[in-house]
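Enquirer: Letter 179 of the sequence shown, counting from 1, is numbered 268 in our numbering, and no numbers are missing. Positions of the beta carbon are idealized from the N, C-alpha and C atoms, including for glycine.
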Amino acid sequence: MKQFKIAIVGATGLVGRTVIKVLEEKELPIREYVLFASKKSAGQKINILGKNITVKELTKNSFDEGFDFAIFSAGGEVSKKYAPIASSKGCIVIDNSSTFRMDKDVPLVVPEVNFEDAKLNKGIIANPNCSTIQAMLPLKALDDKYRIKRIVYSTYQAVSGAGREGLEDLENTDGLKPLKKFPYPIFNNCLPHIDIFLDNGYTKEEMKMINETKKILHRPDLKITATTVRVPVSNSHSESINVEFEKDFDMQDLLETLNNFPNIILVNDPTNNQYPMAIHATGHDEVFVGRVRRDYSVTSGVNLWVVADNIRKGAASNAVQILEKLIRD
């Protein structure tokens, strides 16, 4: 089997380190890892499969040595500048930033949902937003079966989605330290404000979910609305998703449809208080679905509670799963 050379950009960050952890677990046919970060982080050593690798500073010449793939997790500005350079050298880039997600020439991919799109790449593949990724698995399963008419998203997003500074703000329980990430304390509080506000009154995060869902499901006219909220939870996003269908459904059939979809774990036993929670999803790559119940306010609708680890499935693992399928396909 061919052995591959992989670059990891943003290797010292929260998502970058998780990418490395997931790659170690996968044991893919990779002959060489090369780690890149900012000048500030260059020189650090990171152990991968028992070998200490020194992090290099990312420059415009970093990809001259030749790579098969690169996973970028260093933010939008870095991706905008360096991803096209990498792809111009024959490297396939899997990018975790929002930079290329809505570019019509860049596939936006959740492997269980639309991996075939990844094969159409022109050198760059975009990883969707963390809150979008976990929703796509149950929504794809249901759209294929019952044809979705409308989606209402309400998210409860963990502070790890805001990086290390978000976690530090959550730990600032007495409020004595200056806030590093959020405009208000997140400890003992909920902030209905993720990313910047736009002219239409929605936040950028909410519009990401709306637009990315349409692109991934190939449903440009799908009716979607969203409210995204940051909650005082360290890790794993939770989402309430209300779905209205064009077709009627049998509840048992719908539950079986969800249960049979790849990497969905159905936890739906209200009699015994069994439902998905953040504490159960953390550390896993699967998407957990529960609290499934008919919406009696419409002709054919259902409510879902969807939970996943936003750093793993919502970022690192989704990118590595794309890489894995490209290698093995």
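I'd like to know whether the C-beta atoms of N407 and I119 end up nearer to each other than 7 Å.
Expert: As a first step, residue 407 is located in the sequence shown; it is residue number 318 there, counting from the start. As a first step, residue 119 is located in the sequence shown; it is residue number 30 there, counting from the start. No; because the gap between Cβ atoms is not below 7 Å, this pair is not in contact.
Enquirer: Roughly how many whole angstroms lie between the Cα atoms of L117 and S151?
Expert: Your numbering for residue 117 matches position 28 in the sequence shown. Your numbering for residue 151 matches position 62 in the sequence shown. Approximately 23 Å between the Cα atoms of the pair.
Enquirer: In the structure shown, what three-state DSSP assignment does N331 receive?
Expert: Locating residue 331 in the sequence shown gives position 242, where the first residue counts as 1. If DSSP states are grouped into helix, strand and coil, N331 belongs with the strands.
Enquirer: With the cut-off set at 7 Å, would you say R417 and D374 are in Cβ contact?
Expert: Numbered from its first residue, the sequence shown carries residue 417 at position 328. Numbered from its first residue, the sequence shown carries residue 374 at position 285. Cβ distance not < 7 Å, so R417 and D374 don't count as in contact.
Enquirer: Check this for me: beta carbons of S176 and V167, under 7 Å apart or not?
Expert: For the purposes of this step, residue 176 is identified with residue 87 of the sequence shown, where counting begins at 1. For the purposes of this step, residue 167 is identified with residue 78 of the sequence shown, where counting begins at 1. No. Outside cutoff.
Enquirer: What distance in whole Å lies between the Cβ atoms of N399 and S325, which are believed to be in contact at a cut-off of 8 Å?
Expert: Working through the sequence shown from its first residue, we reach residue 325 at position 236. Working through the sequence shown from its first residue, we reach residue 399 at position 310. Between N399 and S325 the Cβ distance is about 6 Å, and since that is below 8 Å, they are a contact.
Enquirer: Determine which residues share a DSSP beta bridge with Y273 and list them.
Expert: Position 184 of the sequence shown holds residue 273. None, per the DSSP bridge assignment.
Enquirer: From I95 to L347, what distance separates their C-alpha atoms?
Expert: To locate residue 95, count along the sequence shown from 1; it is residue 6. To locate residue 347, count along the sequence shown from 1; it is residue 258. Rounded to whole angstroms, I95 to L347 spans 34 Å at the Cα level.
Enquirer: Am I right that L393 and V332 are in contact with their C-beta atoms under 8 Å? What's the rounded C-beta distance?
Expert: The residue you call residue 393 lines up with position 304 of the sequence shown. The residue you call residue 332 lines up with position 243 of the sequence shown. Rounded, the Cβ-Cβ distance is 7 Å, consistent with contact.
Enquirer: Is it true that the region 155-163 meets the region 263-282, where meeting means three or more beta-carbon pairs spaced less than 8 Å apart?
Expert: No, the region 155-163 does not touch the region 263-282.
Enquirer: Between the region 281-295 and the region 351-370, are three or more C-beta pairs nearer than 8 Å?
Expert: No, because fewer than three Cβ pairs between the region 281-295 and the region 351-370 fall closer than 8 Å, the two stretches do not touch.
Enquirer: What does V395 pair with, by DSSP beta-bridge criteria?
Expert: As a working note, residue 395 is residue 306 in the sequence shown. BP columns for V395 point to E328 and V378.
Enquirer: According to the neighbour-count rule (16 or more other Cβ atoms, all chains shown, within 10 Å of its Cβ), is K208 buried or exposed?
Expert: Indexing the sequence shown from 1 puts residue 208 at position 119. Label assigned to K208: exposed.
Enquirer: Would you mind giving the Cβ-Cβ distance between I97 and F125, rounded to the nearest angstrom? I have them listed as a contact below 8 Å.
Expert: One-based indexing of the sequence shown puts residue 97 at position 8. One-based indexing of the sequence shown puts residue 125 at position 36. Their Cβ separation, rounded to whole angstroms, is 7 Å, which keeps I97 and F125 in contact under 8 Å.
Enquirer: So, is M31 buried or exposed, given that buried needs 16 or more other C-beta atoms within 10 angstroms?
Expert: Residue 31 is absent from the model: the chain starts at 90 and stops at 418.
Enquirer: Rounded to whole angstroms, what's the CA-CA distance from L343 to E113? Just pull it up for me.
Expert: As a first step, residue 343 must be located in the sequence shown, where it is residue number 254. As a first step, residue 113 must be located in the sequence shown, where it is residue number 24. Rounded to the nearest angstrom, the two C-alpha atoms are 36 Å apart.
Enquirer: Would you check if the distance between the CB atom of A367 and the CB atom of V322 is smaller than 7 Å?
Expert: In the sequence shown, the residue the question calls residue 367 occupies position 278. In the sequence shown, the residue the question calls residue 322 occupies position 233. Their beta carbons are under 7 Å apart, which means A367 touches V322 by this criterion.
Enquirer: What first and last residue would you give for the beta strand (DSSP E) that runs through F158?
Expert: Looking up residue 158 in the sequence shown gives position 69. It spans F158 to F161 - the beta strand (DSSP E) in which F158 sits, taken as one unbroken run.
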